[in-house]
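Residue numbers (UniProt numbering): 1 to 809.
Here it is in structure tokens:
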């Protein structure tokens, strides 16, 4: 019997009504796994490939054959907007079969929730935070609500793999399953997964089942891609090259020697430079999880070609549709000129940047005396503003552009989007693919245009600061997926002490009094805490008793204490991710402004048009004390975690070393890359890790990801500085670090190698008085656990050691 024949009649009617001629390959593969096995399933496919229908068509068909006597399936979505979108899609499908679809989150009315509690049935769509609230406040009703729960569908699995929120989701499913006496199958949906086998094992943990990852052939897809570079002020890179200007190489005396560039592009490159933009077609049809053979890579390379097909010419596709004001920021003006008359998204890497960009674009409309055509969407905005932007984007008659962050990165359908713009490079291949995938729906090819912005290097800028790191990072992201189909593997082996605190308090708040042994049995047996020892848990409980987070009863049991009640009674407790709380930044008595998620002392921030060194963070009063320093700060600090994988940095180094001209680079970007390669060649930056900048000043290029870089930085400061005479180490994570040093190059490598190979305790790379707060509840934990979690769960010491060994081979 075919998969279509296994579908319930109302599902078949839905397919006929939508005039689908056949099932997609993912729907056939998912149907086989769900109908014919009892295993968990992980479905990974490109955006807009029909993953939601692939999961729910067989689930609903099984419900039609044997209706559940309680809620039969839970759909866990990371965003309220995604749940609202899926609610509309599923409700249409289920209405005829009289299978109710419920959604439950902070914006849903109390009457809707009350109906579910009175008549538990069908499908419940919910966020992790709302599920936490449900288990805490309706725990007595959980067996009645979920005693016949058969499936838990987790959407956008990749978005839950890089922090405590994914761990919270798994803990919630396990807690609910124990309370209701069920063991539902888990179905994971994701467009971009690195190491799917490991992700599948994570998805299945605690179920006693395996995880099937269906293999299927996806249809051929074509990407439209371009990347351009802009100096914020002054002549652009292509103009400088045409004028004979060159890159600046810093000599020992601090002077800059100009290297004249001779840029002689091929005839096809000249055509690119003359046009407003260019495209590369990237063949994205291969199975993402297949191993690339040399022939695969040669075929993929041949698949990159100019866009000479289709109904539009290259120039028509990206020609300016409007003129930006004369004094416009070049990069933002470029976006302004190429969005009019089209429905587009503009992605920024932070809320602050999104606000600034949207403000500039709107001011250009005002200067041109034209209607405002720009919207904004990010997590700090109210639900009404976000939903208004979503509704406008769904309206096919409106041709507006929305400036956004990761909030529109996930799978919510916001209509027939024509283009996506990315300001600077995102930090992961996964994010690049998600953002690219927001376009390309409804028979349009995915289309993304990178806009790299950079300040003109000052005359006496040091060599490392003249390298266009964002441009290299963007190229590396594209090439890694194009050449290797590589996506970041999940980071699952953490020491999640912040989440341990949260789940301990949530368990006590929902159940009331428990003995220490009962509490440990309920919490430590959750699969996500497999690395947490009983000794660690005892340390945590003693600290919580001392701080009145919990208190002991006369009978020896444990209950939530007065201080703990203030937290658990707040709606903010349900979330394990950091709230967007603002911190006031001060230099002595002068107030500079506000930021969110301040970095720890010793790091740098950018505010009020200058760079500042963080001296102290007062977490209780939300104050950051700083002193002004010279330099610039990489964009990922502050509003973004900035966890960049080592493989990306290694590919950035290859970009500097190789001579390939990537066909998606436009004129300025190509010229800027030529400059960067010339700088790297003359200085040795791409081939030598340690470069002398003159006198006792050095630059180190480790080409390591964020946490291996951090481990190396601390090794140098804590274990090597005295012997090397190393002072003033100034990191630009994760790209390079500068310092002054009395030792020579040979001594540097020998000392670093000797120290790295010693069998030291990771806690030795944490400063004596340092308590690094990374996660939401770290400030409520005992200091020794915070320090241990940072040393053993954050610092990538093995990655650092591997690189150091390469230096001394």
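Even glycine gets a Cβ: it sits at the ideal position worked out from N, Cα and C.
All values reported here derive from a predicted model rather than from experimental measurement.
CA-to-CA distance, residue j to residue i, given in whole angstroms
i           : j           : result
residue 237 : residue 469 : 15 Å
residue 93  : residue 11  : 7 Å
residue 150 : residue 649 : 43 Å
residue 245 : residue 672 : For residue 245, the predicted structure reports a pLDDT of 40, less than 50, and the residue's modelled location is therefore unreliable. A value from the coordinates is still provided. When rounded, the distance between both Cα atoms is 11 Å.
residue 394 : residue 663 : 33 Å
residue 489 : residue 531 : 19 Å
residue 719 : residue 725 : 11 Å
residue 203 : residue 444 : 33 Å
residue 544 : residue 571 : 21 Å
residue 659 : residue 464 : 20 Å
residue 20  : residue 191 : 22 Å
residue 481 : residue 346 : 21 Å
residue 728 : residue 738 : 8 Å
residue 162 : residue 492 : 8 Å
residue 390 : residue 91  : 19 Å
residue 448 : residue 625 : 40 Å
residue 713 : residue 706 : 10 Å
residue 118 : residue 111 : 11 Å
residue 603 : residue 574 : 30 Å
residue 679 : residue 591 : 39 Å
residue 250 : residue 787 : Here the model assigns residue 250 a pLDDT of 29, short of 50, so the residue's position is not dependable and the matter cannot be decided.
residue 167 : residue 670 : 43 Å
residue 690 : residue 653 : 14 Å
residue 367 : residue 402 : 19 Å
residue 124 : residue 665 : 46 Å
residue 26  : residue 134 : 33 Å
residue 375 : residue 432 : 21 Å
residue 498 : residue 565 : 17 Å
residue 772 : residue 217 : 46 Å
First through last residue of the beta strand (DSSP E) which encompasses residue i
i           : result
residue 736 : 736-741
residue 764 : Run containing residue 764: none; DSSP gives neither H nor E here.
residue 730 : 726-732
residue 161 : Looking at the DSSP string, residue 161 is not in any beta strand (DSSP E), and its letter there is neither H nor E.
residue 377 : 374-377
residue 624 : 623-629
residue 550 : 550-552
N- and C-terminal bounds of the alpha helix (DSSP H) containing residue i
i           : result
residue 457 : Note, residue 457: premise wrong, no alpha helix (DSSP H); not H, not E.
residue 532 : Careful: residue 532 lies outside any alpha helix (DSSP H) and carries neither H nor E.
residue 793 : 783-793
residue 466 : Taken as a continuous stretch (DSSP letters only), residue 466 belongs to no alpha helix (DSSP H), as it is neither H nor E.
residue 523 : 516-524
Cβ-Cβ separation, residue j to residue i (assumed contact under 8 Å), whole Å
i           : j           : result
residue 31  : residue 71  : Actually they do not touch by this definition, with Cβ atoms about 23 Å apart.
residue 170 : residue 205 : 7 Å
residue 398 : residue 420 : Residue 398 to residue 420, Cβ: 17 Å. No contact.
residue 854 : residue 752 : The first residue shown for the chain is 1 and the last is 809, placing residue 854 beyond what the model contains.
residue 646 : residue 704 : 5 Å
residue 736 : residue 700 : 6 Å
residue 104 : residue 115 : That pair is no contact at about 11 Å.
Counted within 10 angstroms of its Cβ, other Cβ atoms place residue i as buried (16 or more) or exposed
i           : result
residue 128 : buried
residue 437 : buried
residue 233 : exposed
residue 307 : Any reading at residue 307 must be qualified, since the residue scores a pLDDT of 37, below 50, and its modelled position is unreliable; the value itself is stated next. Its Cβ being crowded by 16 or more others within 10 Å, residue 307 is buried.
residue 364 : buried
residue 22  : exposed
residue 109 : exposed
residue 804 : buried
residue 474 : buried
residue 140 : exposed
residue 9   : exposed
residue 302 : Model confidence at residue 302 stands at a pLDDT of 33, short of 50, so the residue's coordinates are unreliable and nothing is read from them.
residue 538 : exposed
residue 424 : buried
residue 478 : buried
Residue-level contact to chain D via CB, residue i, 9 Å cutoff
i          : result
residue 88 : Within the model displayed, chain D is absent; a lone protein chain is all it includes.
* Asked: Along the chain, which unbroken stretches of the alpha helix (DSSP H) at least 4 residues long are found entirely within the stretch 636-672?
  -> 646-657
* **Any beta strand (DSSP E) of 3 or more consecutive residues that is wholly inside the stretch 379-461** => 401-404, 419-423 and 447-454
* Asked: Which whole runs of the beta strand (DSSP E) in the stretch 75-157 are 3 residues long or more, in chain order?
  -> 101-104, 123-126 and 151-154
* 4 or more residues per run - each alpha helix (DSSP H) lying fully within the stretch 175-248 -> 196-204 and 237-242
* To do: Just list the beta strand (DSSP E) runs in the stretch 323-378, keeping only unbroken ones of 3 residues or longer that don't cross its boundaries, in chain order.
  => 344-347 and 374-377
* alpha helix (DSSP H) segments (min. 4 residues) lying fully within the stretch 558-582 -> The alpha helix (DSSP H) runs of length 4 or more contained entirely in the stretch 558-582 are, from start to end of the chain, 562-568.
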